[in-house]
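Inspection log for the structure reproduced underneath, given as structure tokens.
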Amino acid sequence: MVTLTIDGHRVQAPPGSTILEAAKGASIRIPTLCYLPEVQAIGACRVCLVEVEGNRNLQPACVFPVSEGMVVHTNTPRVRRARKFTVEMIVSNHPMDDCLTCPRNQRCELQRLADELGIREVRFTGEKSEGRLDDLSPSIVRDQSKCILCRRCVTVCREVQGVAAISVQGRGFKTRVEPAFGQSLHDVACALCGQCILACPVGALQEKENIEEVWQAIFDPTKFVVVQDAPAVRAALGEEFGYPPGTLVTGKMLSAVRRLGFNRVFDTNFAADLTIMEEGHELLKRIKEGGVLPMITSCSPGWIKFIEHFYPELLPHLSTCKSPHQMMGALVKTYYARKTGIDPQDMVVVSVMPCTAKKFECSRPEMNGSGYKDVDYVLTTRELARMIKQAGIDFAGLEDGYYDDPLGEYSGAGTIFGATGGVMEAALRTACEVATGKTLENLEFTAVRGLEGIKEAVVPLDGLGELKVAVAHGLGNARKILEKIKNGSAGYHFIEIMACPGGCVSGGGQPLPVNNEIRELRARALYQEDRDLKLRKSHENPSIKRLYAEFLGQPLGEKSHHLLHTRYTA
Ligand code: HC0
Ligand code: SF4
Numbered sequence: 001m002v003t004l005t006i007d008g009h010r011v012q013a014p015p016g017s018t019i020l021e022a023a024k025g026a027s028i029r030i031p032t033l034c035y036l037p038e039v040q041a042i043g044a045c046r047v048c049l050v051e052v053e054g055n056r057n058l059q060p061a062c063v064f065p066v067s068e069g070m071v072v073h074t075n076t077p078r079v080r081r082a083r084k085f086t087v088e089m090i091v092s093n094h095p096m097d098d099c100l101t102c103p104r105n106q107r108c109e110l111q112r113l114a115d116e117l118g119i120r121e122v123r124f125t126g127e128k129s130e131g132r133l134d135d136l137s138p139s140i141v142r143d144q145s146k147c148i149l150c151r152r153c154v155t156v157c158r159e160v161q162g163v164a165a166i167s168v169q170g171r172g173f174k175t176r177v178e179p180a181f182g183q184s185l186h187d188v189a190c191a192l193c194g195q196c197i198l199a200c201p202v203g204a205l206q207e208k209e210n211i212e213e214v215w216q217a218i219f220d221p222t223k224f225v226v227v228q229d230a231p232a233v234r235a236a237l238g239e240e241f242g243y244p245p246g247t248l249v250t251g252k253m254l255s256a257v258r259r260l261g262f263n264r265v266f267d268t269n270f271a272a273d274l275t276i277m278e279e280g281h282e283l284l285k286r287i288k289e290g291g292v293l294p295m296i297t298s299c300s301p302g303w304i305k306f307i308e309h310f311y312p313e314l315l316p317h318l319s320t321c322k323s324p325h326q327m328m329g330a331l332v333k334t335y336y337a338r339k340t341g342i343d344p345q346d347m348v349v350v351s352v353m354p355c356t357a358k359k360f361e362c363s364r365p366e367m368n369g370s371g372y373k374d375v376d377y378v379l380t381t382r383e384l385a386r387m388i389k390q391a392g393i394d395f396a397g398l399e400d401g402y403y404d405d406p407l408g409e410y411s412g413a414g415t416i417f418g419a420t421g422g423v424m425e426a427a428l429r430t431a432c433e434v435a436t437g438k439t440l441e442n443l444e445f446t447a448v449r450g451l452e453g454i455k456e457a458v459v460p461l462d463g464l465g466e467l468k469v470a471v472a473h474g475l476g477n478a479r480k481i482l483e484k485i486k487n488g489s490a491g492y493h494f495i496e497i498m499a500c501p502g503g504c505v506s507g508g509g510q511p512l513p514v515n516n517e518i519r520e521l522r523a524r525a526l527y528q529e530d531r532d533l534k535l536r537k538s539h540e541n542p543s544i545k546r547l548y549a550e551f552l553g554q555p556l557g558e559k560s561h562h563l564l565h566t567r568y569t570a
């Protein structure tokens with residue numbers, strides 16, 4: 001360990017740590033702006049400047065390494081002046097008239113910094129950067145006028161997602177972060193994953209809101225409005241209401257959506273169980289009949305958009321299953337409509353998702369198996385929280401609510417879909433039992449859990465050989481696996497790919513902030529729910545069995561083919 005002194009306190013830190021990390025360990029908070037934990041430390045914004053004895057210039061704490069005997073001061077008049085000046089300059093070029101109407105109002109890192117540094121006036125006026133609003137994509141709105149050029153979004157998009165849809169263009173007051181040639185995000189190879197939104201410290205990147213359309217549907221007496229919520233929403237929604245990350249708020253969420261005025265509340269987890277039935281059988285069929293292998297999961301629409309843009313030649317590897325919430329939409333407007341006699345034309349299906357790409361997915365032409373738009377609107381977890389606040393609902397005071405039949409019963413396998421490796425684990429629980437006809441002794445496939453970028457496992461199929469599987473999360477890791485498939489070195493049968501690092505628990509529509517610690521806490525909540533449930537395998541879900549008996553017939557049957565499967569052709 002290295003011993004140093006920070007603000008008069010003796011601090012120990014592992015060799016190679018930065019001053020910022022060492023200070024954090026000693027409960028000293030150094031402000032940052034361009035710094036993005038686990039991804040970017042470039043020392044560019046100069047907000048984390050500190051005095052290091054023996055150095056004439058102030059040094060950026062996020063990149064400056066600790067050394068034995070070092071003496072650091074984080075709160076001197078010189079440091080305070082320098083930080084304040086930097087933030088004042090940024091604020092002077094920011095459209096402050098927009099703060100009250102900005103979706104990041106009260107959650108903005110620049111606002112917080114200006115407050116913490118005691119900025120009470122803006123001394124610098126003059127030329128300002130010009131900003132353009134790009135709201136052409138169905139998922140993401142970019143408001144260039146609010147961008148502070150911290151480059152966090154650029155780094156995440158390029159380094160983590162391996163997409164590089166946005167970059168720094170121009171110089172001086174004409175410097176802009178945007179797609180090449182000033183194009184819209186809608187027109188470039190953007191996955192719409194929303195990871196750039198999570199990285200943005202201000203309101204320059206946001207989801208495209210659909211809140212008003214949903215309120216209109218709710219208040220329209222001629223509409224029957226159904227809501228479904230994704231597995232990962234319940235593990236994060238509470239954070240918007242002050243609960244610690246990793247608090248499961250399923251019960252309160254259900255009461256809240258009912259109070260908002262939705263007519264029925266169904267669970268995407270149910271549809272996740274259904275996906276496993278279809279996908280598990282598809283995998284076994286491909287193995288038996290010599291179909292295209294490895295088969296890759298198809299439930300993350302950011303991932304679908306990525307493969308369409310960058311590896312269209314590998315599209316036949318995708319499972320033909322639609323994503324669970326799209327399956328749910330198709331079932332609500334057919335199976336449930338028939339059961340209840342409600343005209344599907346009068347139905348509005350709303351999905352609450354941790355995902356921004358799902359807003360794009362629901363408007364794809366493939367997604368109308370019911371003869372109507374299967375899912376009408378997608379709200380992010382953040383948008384649901386906004387609606388709950390707009391309606392004046394005291395979230396913490398709510399009793400636990402319930403899901404409606406017949407599309408609300410779910411297994412633990414459906415729940416864990418929300419964490420990276422969860423779809424794989426759920427599929428293995430079913431595929432192993434269906435293939436061997438034997439009951440699994442250990443349901444927990446821990447090799448596919450956790451935040452390692454690419455995970456692999458070999459699962460014995462009791463006398464029938466073995467299943468080789470891999471799991472990747474984050475599009476940068478997806479690219480590595482796809483390259484292996486292309487060069488023939490991927491000997492897998494089945495691969496799970498999720499666009500977002502950590503899986504849906506840290507999708508682009510989830511509450512802020514997101515980091516690895518929070519990813520783990522949210523995932524842990526889902527694994528805990530799985531452990532607490534009696535029903536832990538998709539194929540044992542009684543409502544799924546009833547759905548097949550009453551309506552679908554069998555997995556991969558004619559009706560399933562029509563409603564639940566599609567082929568992406570780019
Ligand atoms: Fe996911 Fe899903 S698990 S993509 O990650 O498959 O968004 O939570 O809803 O549809 O179920 C997101 C999360 C879903 C879907 C499910 C899948
Ligand atoms: Fe990059 Fe994803 Fe943002 Fe598109 S949505 S710009 S792919 S980070």
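Quick note on numbering: the sequence shown equals residues 1 to 570 in the UniProt record's numbering.
C-beta atoms are modelled at their ideal positions from N, C-alpha and C, and glycine is treated no differently.
In this structure, the ligand SF4 has a non-hydrogen atom nearer than 7 Å to the beta-carbon of A191.
Annotated three-state conformation of P60 is strand, per DSSP. Pairwise C-beta distances place the stretch 165–182 out of contact with the stretch 98–110, as fewer than three of them are shorter than 8 Å.
Placement of the Cβ of G162 at a distance of 7 Å or more from every heavy atom of the ligand SF4 is found. Taking 7 Å as the cut-off, one finds no heavy atom of the ligand HC0 near enough to the beta carbon of A256. In the displayed model, I497 falls within a strand according to three-state DSSP. For D229, the uninterrupted beta strand (DSSP E) run begins and ends at F224 to D229, by DSSP. V156 has its CB nearer than 7 Å to a heavy atom of the ligand SF4. Shown here, F395 sits in a helix according to DSSP, grouped into three states. Distances from the CB of K358 to the heavy atoms of the ligand HC0 include at least one below 7 Å.
For D115, no beta strand (DSSP E) segment is defined; the enclosing uninterrupted segment is the alpha helix (DSSP H) at E109 to E116. Under the three-state reduction of DSSP, T430 is assigned to helix. Here E496 really is in contact with V471; their C-beta atoms are around 5 Å apart, less than 8 Å. A distance below 7 Å between beta-carbons, with the five flanking residues on each side excluded, links G508 to the following residues of its chain, in chain order: C193, G194, Q195, I197, L198, C355, T356 and C500. Relative to H565, the option among K84, H281, R258 and G8 whose CA is nearest is H281. For K333, there is no enclosing alpha helix (DSSP H), since its DSSP letter is neither H nor E. For a cut-off of 8 Å, the C-beta gap from C200 to R152 is around 7 Å, short enough to register as a contact.
In the three-state reduction of the DSSP assignment, H325 falls in the helix class. In terms of side-chain proximity, the C-beta atom of A165 is found nearer than 7 Å to a non-hydrogen atom of the ligand SF4. Counting only runs that start and end inside the stretch 248–320, the beta strand (DSSP E) elements of at least 3 residues fall at 264–267. With a threshold of 7 Å, the Cβ atom of C153 counts as near the ligand SF4, since some heavy atom of the ligand is closer than that. For T334, the CB contacts under 6 Å within the same chain, skipping 5 residues up- and downstream, are S370 in chain order. Rounded to whole angstroms, the Cβ separation of A82 and C62 is 15 Å, and the two are not in contact under 8 Å. Around the beta carbon of T32, a 10 Å sphere encloses 16 or more other beta carbons of the protein chains shown; the residue is thus reported as buried. Using a Cβ distance threshold of 8 Å, T569 and L315 count as a contacting pair. In the same chain as A217, and ignoring 5 residues on each side of it, the C-beta atoms closer than 8 Å to its own belong to K223, V225, V348, V350, D376 and Y377, in chain order. Sixteen is the threshold: since fewer than 16 other Cβ atoms of the shown chains lie within 10 Å of the Cβ of K438, the residue is exposed. Between the ligand SF4 and C196, a heavy atom-to-CB distance of less than 7 Å is present. Note on the stretch 16–79: whole alpha helix (DSSP H) runs with a minimum of 4 residues are 19–25, in chain order. Following the DSSP letters along the chain, one finds R234 in no beta strand (DSSP E), marked with neither H nor E. A contact between stretches requires three or more CB pairs, one per stretch, nearer than 8 Å, and the stretch 399–409 meets this requirement with the stretch 241–257. Distance from the CA atom of A22 to the CA atom of K359, rounded to whole angstroms, is 41 Å. Taking 7 Å as the cut-off, the C-beta of L185 counts as close to a heavy atom of the ligand SF4. Take the alpha-carbon of N210 and the one of L379: they are about 6 Å apart. Per DSSP, I6 is one residue of the beta strand (DSSP E) stretching across V2 to I6.
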